[in-house]
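J.: Just passing along the structure, written as C-alpha cells.
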Amino acid sequence: MVYLVGLLSIIFLALAALVVSRMAAVVRNVNGPVEEGRIGMSNRINGALFMVFFVLAMIGFVLSFMSAKQYFLPEAGSIHGRRTDTLFWISMAIVTAAFVVTNALLFFFAYKYQYREGKRASYYPENHKLELIWTVIPAVVMAVMVFTGWRAWRDIMSEAPQDAQVIEIVGKQFNWITRYPGVDDNKLGAYNYKLTDSNNEVGVDFSDEASFDDFVNSQGELHIPVGKPVLLKIRARDVLHSVFIPHLRVKMDAVPGMPTRFWFVADKTTEEMRNVTGNPDFNYELACTEVCGRGHFSMRAKIVVEDEASWKKWCSEQKPLLTTYPEYASRIPANLKAKAAKYLPTETAAPSDSTTASTQEGGASSASVSLR
C-alpha cells in the first residue's frame, strides 16, 4: 500500500508540473504574437486526437458492455419483473442513443470547425425552429418515459388480488423469519411486538383466533407457489433492513414500526430457472440490501418456488406455532379456547379424568378447564 501511494504521488506531481508548464506557455502567448503555423498544426493535431479518442472510447464502451453481459441477471422469474426489465432497457437505449449522438457531434465539431487561417466563425443570433426541435422532442420523449414508468409503478404497487397468498417476512439481526397463515383459514393472525420472546419471534397474538393455525419458519427458507399472486407483508424487529429478491425483481425496505408490502406473481419454479440459467445449483435468494450491522453479509434466505401440489404438501407438513409451543394456550381468551383445542397436543387439550370429574361436579366446561 505504501508503494502504491508513493507511485500515485509521483504521477500526481508529474501531472501538476505538466499543467503548470502549459499554463506558463499560455501566459507567454497572451503577451506576444503567436506564429500562425504553430496554431494551425496544434489545432490539426488536437482535432485528430479528438476523433481518435471518440472512436477508441466507443470501442471501449462496446467491449465493456459485452464483457459485463455475462454478469447480468437472467430473465426475471416474475411477470412484473419482465415488465420492469423492458422499461429499463428501453430507457437505457434512449439515454445511450442521446449520449452517443450528442458526444459524436461534440467531438466532430471540434475537428471540423478547428481554427483555420482566414476563416471566421458565423453566429446564429436566434433560430426558433432549431430551439423548438431541441425543446419539444426531448420533452415528448421524457414525458413518454415518465408516463410508462408511472403506469408500471402504479400497477406493481396496487392492492394485491383477493386470492393472493399472504406471507409475512420479519427481518432481525441477522436473519429472516417468515410466518404463513394456516391451511384452515389462509389468514394471518394479529401480532404485537410486546409478545415477542425467544419462541414467539414475531410476536404472534393468540387472542386472535386467526393466529391459531399460523406457522413460523426461521430456518432460512421461504416457500412460495408458482403462478399465484403472493403478497409479502414486511416488517423489521430491530433496525432497518431491506427485502431483495433479485431474480424476481422484488425490493422493499423493512422498517421498524412501519409495515410495508409488495406483491408479485412468480411464474417460473426453481427447477425451471435452473433450466433457463443452465445452473443445476441455482436457487432464488432473499438478501438484505440495507447495511444492518456486523452480520449483514450473512442475512440471506433460500426461496423455493414450487408447483401448487408441492406447496400444499409442504404447508401440510408444518406445525402451527401453537402446536409447537402449547404453553401459549394460557394467552388464549376463555371464549376461544374450545376453538384452539384442535391445534394443541392431546395431553394439553384433553382433560384428565380427575379434572373432568371435578369439572362435571362443579358444572363447568371441561374444555375451558383444561385450557386455562
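The sequence shown begins at 1 in the UniProt record's numbering and counts up one residue at a time.
Just so you know, even glycine gets a beta-carbon here, dropped at the ideal spot from N, CA and C.
In whole angstroms, what is the alpha-carbon distance linking S67 and F88?
T.: Approximately 20 Å, taken between the alpha carbons.
J.: Short of 6 Å in beta carbon distance, which residues of its chain neighbour A121, apart from the five on each side in sequence? Order them along the chain.
T.: No residues qualify anywhere along the chain.
J.: Between which two residues does the alpha helix (DSSP H) harbouring H247 extend?
T.: Per DSSP, H247 belongs to no alpha helix (DSSP H) and is neither H nor E.
J.: To the nearest angstrom, report how far apart S316 and P280 are at their CA atoms.
T.: Whole-angstrom Cα-Cα distance: 27 Å.
J.: Between the region 220-237 and the region 264-280, do at least 3 Cβ pairs fall closer than 8 Å?
T.: Touching, yes.
J.: With burial defined as no fewer than 16 other Cβ atoms inside 10 Å of the residue's Cβ, what is the status of F65: buried or exposed?
T.: Under this definition F65 is an exposed residue.
J.: Rounded to the nearest angstrom, what separates A110 and R249 at their Cα positions?
T.: For A110 and R249, the distance between alpha carbons rounds to 43 Å.
J.: Roughly how many angstroms lie between the CA atoms of M142 and I156, to the nearest whole one?
T.: So the two alpha carbons sit approximately 21 Å from each other.
J.: Buried or exposed for S207, going by 16 or more other Cβ atoms inside 10 Å?
T.: Exposed is the call here.
J.: Determine the direct distance from the alpha carbon of V20 to that of D238, and round the result to whole angstroms.
T.: The alpha-carbon atoms of D238 and V20 are separated by roughly 55 Å.
J.: Buried or exposed for N46, going by 16 or more other Cβ atoms inside 10 Å?
T.: Classification of N46: exposed, given that the 10 Å Cβ count is below 16.
J.: Tell whether a beta-carbon distance below 9 Å holds between S211 and L286.
T.: For S211 and L286, no; Cβs fall outside 9 Å.
J.: Identify the continuous beta strand (DSSP E) that holds C292 and give its terminal residues.
T.: Segment: none, C292 is in no beta strand (DSSP E) and carries neither H nor E.
J.: Provide the residue span of the beta strand (DSSP E) that contains N275, from first to last.
T.: Not the beta strand (DSSP E): N275 falls in the alpha helix (DSSP H), residues 270-277.
J.: State buried or exposed for K172, treating a residue as buried only when at least 16 other CB atoms are found within 10 Å of its CB.
T.: Buried is the call here.
J.: Roughly how many angstroms separate the alpha carbons of I234 and D197, rounded to a whole number?
T.: Each residue's alpha carbon lies about 19 Å from the other.
J.: Count the CB pairs spanning the region 239-246 and the region 288-308 that are closer than 8 Å, and state whether there are at least three.
T.: The answer is yes - the region 288-308 touches the region 239-246, with three or more Cβ pairs under 8 Å.
J.: Does the distance from the C-beta atom of F215 to that of G182 stay below 9 Å?
T.: Yes, the pair counts as a contact, with Cβ atoms nearer than the cut-off.
J.: Whole-angstrom Cβ separation of M273 and F264, contact assumed at under 8 Å?
T.: In fact, because the Cβ distance is near 15 Å, the residues do not count as touching under 8 Å.
J.: Rank A152, D307, C288, A334 by C-alpha distance to the C-alpha of T86 and give the top, closest one.
T.: Checking every option, the nearest Cα to that of T86 belongs to A152.
J.: Using DSSP bridges, identify the partner residues of R300.
T.: Answer is A287.
J.: Comparing C-alpha positions only, which one of N186, W176, F174 sits nearest to V166?
T.: The shortest C-alpha separation from V166 is found at N186.
J.: Quick one: Cα of A350 to Cα of H247, how far?
T.: Model confidence at A350 stands at a pLDDT of 49, short of 50, so the residue's coordinates are unreliable; what they give is reported in the following sentence. So the two alpha carbons sit approximately 48 Å from each other.
J.: V100 to M92, Cα distance in whole Å?
T.: Those two C-alpha atoms are separated by around 12 Å.
J.: For E308, name the three-state secondary structure that DSSP assigns.
T.: Of the three classes helix, strand and coil, the one that applies to E308 here is helix, per DSSP.
J.: Tell me the rounded alpha-carbon separation between L73 and L56.
T.: Taking the straight line joining both Cα atoms gives about 28 Å.
J.: Apart from the five residues just before and just after residue 378, which ones in its own chain have a Cβ nearer than 6 Å to its Cβ?
T.: Summary: the structure shown does not reach residue 378, with the chain confined to residues 1 through 372, and so no result is reported for it.
J.: Under DSSP, the alpha helix (DSSP H) around A98 begins and ends at which residues?
T.: From DSSP, the alpha helix (DSSP H) with A98 extends over 79-112.
J.: Per DSSP, what kind of secondary structure is Q165 in: helix, strand or coil?
T.: Of the three classes helix, strand and coil, the one that applies to Q165 here is strand, per DSSP.
J.: Can you look up Y123 in the DSSP assignment and give me helix, strand or coil?
T.: Coil.
J.: Pick out the complete beta strand (DSSP E) segments inside the region 202-271, 3 residues or longer, and give them in chain order.
T.: Runs found: 215-217, 221-225, 229-236, 241-245, 250-254, 260-265.
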